[in-house]
Amino acid sequence: MSSSEATTRGVRVEVDARYSEEHSAPQLNRWFFLYTIRITNEGSETVQLISRHWIIADATQAQEEVRGPGVVGEQPVLGPGEHFEYTSGCPLSTPFGSMEGTYQMVTSDGDHFDANIERFLLMEPSSIN
Numbered sequence: 283m284s285s286s287e288a289t290t291r292g293v294r295v296e297v298d299a300r301y302s303e304e305h306s307a308p309q310l311n312r313w314f315f316l317y318t319i320r321i322t323n324e325g326s327e328t329v330q331l332i333s334r335h336w337i338i339a340d341a342t343q344a345q346e347e348v349r350g351p352g353v354v355g356e357q358p359v360l361g362p363g364e365h366f367e368y369t370s371g372c373p374l375s376t377p378f379g380s381m382e383g384t385y386q387m388v389t390s391d392g393d394h395f396d397a398n399i400e401r402f403l404l405m406e407p408s409s410i411n
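The opening position of the sequence shown corresponds to residue 283 in this note's numbering, with each subsequent residue numbered one higher.
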């Protein structure tokens with residue numbers, strides 16, 4: 283299990299990532315990882331998650347960027363003290379890699395900012411020495 287945590291303008295993003303053996307096929311160079319993210323509004327203003335930007339790297343340092351609206355089909359609105367949690371997945375062609383990125387947020391006043399998602403590792407347990 284790998285984790286990370288970052289807080290930007292009162293928005294805390296916590297990540298726990300794990301290898302998913304049941305979704306992986308190493309003989310076909312396919313390793314699958316699940317990550318659970320908890321976004322907590324620790325600030326004093328209401329915010330909405332508008333979009334995401336991921337940078338995904340595999341063991342060869344090949345990078346893929348993923349951008350899109352919301353997360354898991356939602357654009358959650360979080361008042362002060364509220365949180366949103368979801369689980370998603372990422373396939374890799376190597377047994378380890380990493381993810382990092384940002385969520386584009388907007389306040390109720392229309393102010394846009396990027397909440398950081400700190401880098402976290404994706405690791406198949408037996409690939410670690």
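For glycine and all other residues, C-beta sits at the position ideal for the given N, C-alpha and C.
- Counting the other CB atoms within 10 Å of its CB gives V295 a total of 16 or more, which places it among the buried residues.
- In this structure, T328 lies near V359, with their beta-carbon atoms less than 8 Å apart.
- Assignment of Q343 by DSSP, reduced to helix, strand and coil, places it in the coil class.
- In this model, S390 and C372 are separated by some 32 Å (Cα to Cα).
- When rounded, the separation of the alpha-carbon atoms in L374 and D298 is 17 Å.
- Its Cα nearest to that of S408, the residue E303 stands out among E303, G352 and Y385.
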